[in-house]
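Residue numbers (the working numbering): 12 to 426.
From the three backbone atoms N, C-alpha and C, an ideal C-beta is built for every residue, glycine too.
Computed from a predicted model, the values in this text were never measured in an experiment.
All remarks here apply to the structure that follows.
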Ligand SMILES: *Cc1c(COP(=O)(O)O)cnc(C)c1O
């Protein structure tokens with residue numbers, strides 16, 4: 012049995028409780044359980060965006076490019092240092108996660124040394140990841156793992172294909188179940204079979220500790236608008252290990268990735284290092300907002316954030332055992348703290364209508380994932396343990412009162 016007092020006690024000894032005040036919390040009664048889809052706005056980000064617009068753009072105009080030109084590299088390095096365990100010069104911020112996946116999957120399959128390599132991923136990977144990989148090598152060259160992604164299932168699949176697979180790509184934290192994979196061990200397994208690995212860190216970055224350099228990861232991409240709080244549509248990051256820089260050709264030969272950008276040479280030569288994977292003009296205003304968000308989170312540090320993610324999800328799981336199990340909910344997330352990210356998935360036959368009722372009648376904002384998941388992403392940066400506990404109690408109340416039964420069964424445009 013977990014109680015509200017247990018949650019209060021966790022808050023009382025939370026070393027990063029102060030961080031909540033760094034964020035805009037417009038409605039104190041609302042329990043925001045979707046920090047894994049769109050992180051909250053920080054005061055620092057709002058001020059940075061205002062400054063970028065008013066001073067840098069409004070006053071400085073085109074001369075501000077002197078200060079903007081290296082932002083994709085400097086913000087990339089800040090993400091690398093604070094959240095990825097990546098030394099400088101291997102991470103840049105650009106484009107969306109989808110586009111970065113395409114760029115690196117295409118580079119990895121062209122630069123891997125095989126003429127027509129296959130790609131390995133899992134059948135339940137995030138849609139954009141599966142679609143992009145299909146687009147890069149063709150649907151019949153994508154091999155899908157149907158079981159949970161483990162060292163054994165990856166090893167089996169790579170072994171079965173006898174060296175035909177040039178690239179394996181997985182999400183470090185599953186967007187539905189919240190499962191956190193053993194990135195180091197799976198990376199080592201792909202290497203044993205001579206394949207490159209490309210990790211999607213969208214649901215992992217800012218939520219769990221990552222050591223890309225130490226784990227010998229080849230390539231990675233991820234979102235910055237989820238746990239990193241960069242804002243809606245904030246540009247994504249990409250990481251390429253230094254040892255691969257010369258081997259992986261840039262796929263979009265844009266001028267931001269060219270060796271001497273403003274020399275306007277007649278033909279393309281790639282910039283040294285990871286910068287070659289930049290393409291065109293970056294979204295400066297969003298980069299300024301993201302830069303400030305990273306400084307805010309960086310002051311707390313990823314080990315404290317990840318530890319709080321584990322206690323928050325622990326509160327949700329314990330409270331769900333007490334209040335939701337006998338109300339038709341099944342836990343779809345691991346009970347082992349080291350095997351999950353910072354969100355919890357609960358299965359329920361009426362998950363979609365329950366999600367709508369929570370938003371409409373209980374001031375709880377989760378999201379729904381097909382076919383039957385209520386997803387609760389309580390971001391460690393600004394969520395109190397009492398909020399996570401209270402959300403579970405409100406879910407039980409909504410179900411007891413049957414409030415979901417009046418909600419429409421057909422899906423909305425955005426779920
Ligand atoms: C959120 C998410 C994305 C989103 O990609 P965009 O290009 O930003 O739309 C991609 N992959 C995973 C695993 C995600 O969780």
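Item to check | Same chain, Cβ closer than 6 Å to residue 67, five either side skipped, listed in chain order | outcome: Taking the chain shown and counting its residues from 1, the one referred to as residue 67 is at position 56. Same-chain partners within the cutoff: 75.
Next on the checklist: DSSP three-state label for residue 132, please.
Outcome noted: Against the chain shown, residue 132 aligns to sequence position 121. Here residue 132 sits in strand by DSSP.
Checklist entry - Of all the options 131, 173, 104 and 238, which has the alpha carbon lying nearest to the alpha carbon of residue 390? => result Counted from its first residue, the chain shown places residue 390 at position 379. Out of 131, 173, 104 and 238, 238 has the C-alpha closest to the C-alpha of residue 390.
Next on the checklist: What does the Cβ neighbour count give for residue 77, buried or exposed, with the cut at 16 atoms within 10 Å?
Outcome noted: As a working note, residue 77 is residue 66 in the chain shown. So residue 77 ends up on the exposed side.
Checklist entry - What residue range is occupied by the uninterrupted alpha helix (DSSP H) comprising residue 320? => result Stepping through the chain shown from its first residue, residue 320 is reached at position 309. From DSSP, the alpha helix (DSSP H) with residue 320 extends over 313 to 334.
Checklist entry - Going along the chain, which residues of its own chain have a beta-carbon closer than 8 Å to the beta-carbon of residue 280, five neighbours each way excluded? => result The residue you call residue 280 lines up with position 269 of the chain shown. Result list for residue 280: 269, 270 and 271, in chain order.
Item to check | Length of the line joining the Cα atoms of residue 330 and residue 368 | outcome: As a working note, residue 330 is residue 319 in the chain shown. As a working note, residue 368 is residue 357 in the chain shown. Each residue's alpha carbon lies about 20 Å from the other.
Checklist entry - For residue 108, which residues does DSSP report across the bridge? => result The residue you call residue 108 lines up with position 97 of the chain shown. None, per the DSSP bridge assignment.
Next on the checklist: In this structure, how does DSSP classify residue 372 when only helix, strand and coil are distinguished?
Outcome noted: The residue given as residue 372 occupies position 361 in the chain shown. Note: residue 372 maps to helix in three-state DSSP.
Checklist entry - What residue range is occupied by the uninterrupted alpha helix (DSSP H) comprising residue 76? => result By one-based count along the chain shown, residue 76 stands at place 65. Taken as a continuous stretch (DSSP letters only), the alpha helix (DSSP H) holding residue 76 covers 76 to 79.
Item to check | Spatial neighbours of residue 133 in its chain, beta-carbon cut-off 7 Å, leaving aside the 5 residues before and after | outcome: Here residue 133 corresponds to residue number 122 of the chain shown, with the count starting at 1. Taken in chain order, the residues that qualify are 155, 156, 160 and 181.
Checklist entry - To which residues of the same chain is residue 418 closer than 6 Å at the C-beta, ignoring the five residues directly before and after it? => result Translated into the one-based positions of the chain shown, residue 418 becomes position 407. Counting only Cβ-Cβ distances below 6 Å, and skipping sequence neighbours, we find 364, 367 and 368.
Next on the checklist: Using a 10 Å radius around the Cβ and a threshold of 16 neighbouring Cβ atoms, would you call residue 72 buried or exposed?
Outcome noted: The residue you call residue 72 lines up with position 61 of the chain shown. By the 10 Å Cβ count, residue 72 comes out exposed.
Item to check | Endpoints, the alpha helix (DSSP H) within which residue 196 is located | outcome: Mapped onto the chain shown, residue 196 falls at position 185. 194 to 203 is the extent of the alpha helix (DSSP H) around residue 196.
Checklist entry - Which residues in the same chain as residue 259 place their Cβ atom closer than 7 Å to its Cβ, once the five residues preceding and following it in sequence are excluded? => result Here residue 259 corresponds to residue number 248 of the chain shown, with the count starting at 1. Hits under 7 Å: 118, 119, 122 and 251.
Checklist entry - How would you label residue 349, buried or exposed, when you count the other beta carbons within 10 angstroms and need 16 or more for buried? => result Along the chain shown, one-based indexing puts residue 349 at 338. Residue 349 comes out exposed.
Next on the checklist: Going by DSSP in three states, residue 156 sits in which element: helix, strand or coil?
Outcome noted: The sequence position of residue 156 within the chain shown is 145, counting from 1. The answer is strand: DSSP assigns residue 156 an E or B state.
Checklist entry - Which whole-angstrom value describes the C-beta separation of residue 93 and residue 309, a residue pair presumed to lie in contact below a C-beta threshold of 8 Å? => result Along the chain shown, read from residue 1 onward, the residue named residue 93 stands at position 82. Along the chain shown, read from residue 1 onward, the residue named residue 309 stands at position 298. Yes, they are in contact, since the Cβ atoms of residue 93 and residue 309 sit about 4 Å apart, within 8 Å.
Next on the checklist: Using the three-state DSSP reduction, which class does residue 281 fall into: helix, strand or coil?
Outcome noted: Stepping through the chain shown from its first residue, residue 281 is reached at position 270. Strand at residue 281.
Checklist entry - Is DSSP giving residue 36 helix, strand or coil here? => result On the chain shown, residue 36 is found 25 positions in, with the first residue counted as 1. Residue 36 falls in the coil class under three-state DSSP.
Next on the checklist: Quick check on the DSSP output: the beta strand (DSSP E) that includes residue 404 runs from which residue to which?
Outcome noted: Position 393 of the chain shown holds residue 404. Where residue 404 is concerned, there is no enclosing beta strand (DSSP E), although the alpha helix (DSSP H) it sits in stretches over 396 to 411.
Checklist entry - Between the beta-carbon of residue 89 and the beta-carbon of residue 299, is there less than 8 Å? => result If you number the chain shown from 1, residue 89 lands on position 78. If you number the chain shown from 1, residue 299 lands on position 288. No, the Cβ-Cβ distance between residue 89 and residue 299 is not below 8 Å.
Checklist entry - Of the choices 249, 341, 325 and 235, whose alpha-carbon is the least far from that of residue 52? => result As a first step, residue 52 must be located in the chain shown, where it is residue number 41. Among 249, 341, 325 and 235, the Cα nearest to that of residue 52 is on 235.
Next on the checklist: Mapping the DSSP letters down to three states, classify residue 355 as helix, strand or coil.
Outcome noted: For the purposes of this step, residue 355 is identified with residue 344 of the chain shown, where counting begins at 1. The answer is strand: DSSP assigns residue 355 an E or B state.
Checklist entry - For residue 250, is the beta carbon positioned less than 7 Å from some heavy atom of ligand 1? => result Locating residue 250 in the chain shown gives position 239, counting from the first residue. No, Cβ of residue 250 sits at least 7 Å from all heavy atoms of ligand 1.
Item to check | Residue nearest to residue 315 in terms of C-alpha spacing, selected from 24, 14 and 15 | outcome: In the chain shown, the residue the question calls residue 315 occupies position 304. Taking only the C-alpha atoms, the option nearest residue 315 is 24.
Item to check | Nearest candidate by alpha-carbon position, reference residue 400, set 169, 81, 56 and 42 | outcome: The residue labelled residue 400 in the question sits at position 389 within the chain shown. Minimum Cα distance to residue 400 is reached at 42.
Next on the checklist: Please classify residue 274 as buried or exposed, where buried requires at least 16 other C-beta atoms within 10 Å of its C-beta.
Outcome noted: By 1-based counting over the chain shown, the position of residue 274 is 263. That one is exposed.
Next on the checklist: Rounded to whole angstroms, what is the Cα-Cα separation between residue 29 and residue 394?
Outcome noted: Here residue 29 refers to the residue found at position 18 of the chain shown. Here residue 394 refers to the residue found at position 383 of the chain shown. Each residue's alpha carbon lies about 11 Å from the other.
Next on the checklist: Short of 7 Å in beta carbon distance, which residues of its chain neighbour residue 192, apart from the five on each side in sequence? Order them along the chain.
Outcome noted: Counting from one through the chain shown, the residue named residue 192 turns up at place 181. For residue 192, where only same-chain residues beyond five positions count, the Cβ hits under 7 Å are 160, 181 and 183.
Next on the checklist: For residue 293, which residues in the same chain have their Cβ closer than 8 Å to its Cβ, ignoring the five residues on either side in sequence?
Outcome noted: As a first step, residue 293 is located in the chain shown; it is residue number 282 there, counting from the start. Taken in chain order, the residues that qualify are 79, 82, 83, 104, 105, 246 and 267.
Checklist entry - For residue 164, which residues of its own chain have a beta-carbon under 7 Å away from its beta-carbon, when the five flanking residues on both sides are left out? => result Start at 1 with the first residue of the chain shown, and residue 164 comes out as number 153. Excluding sequence neighbours, residue 164 sits near 156 and 158.
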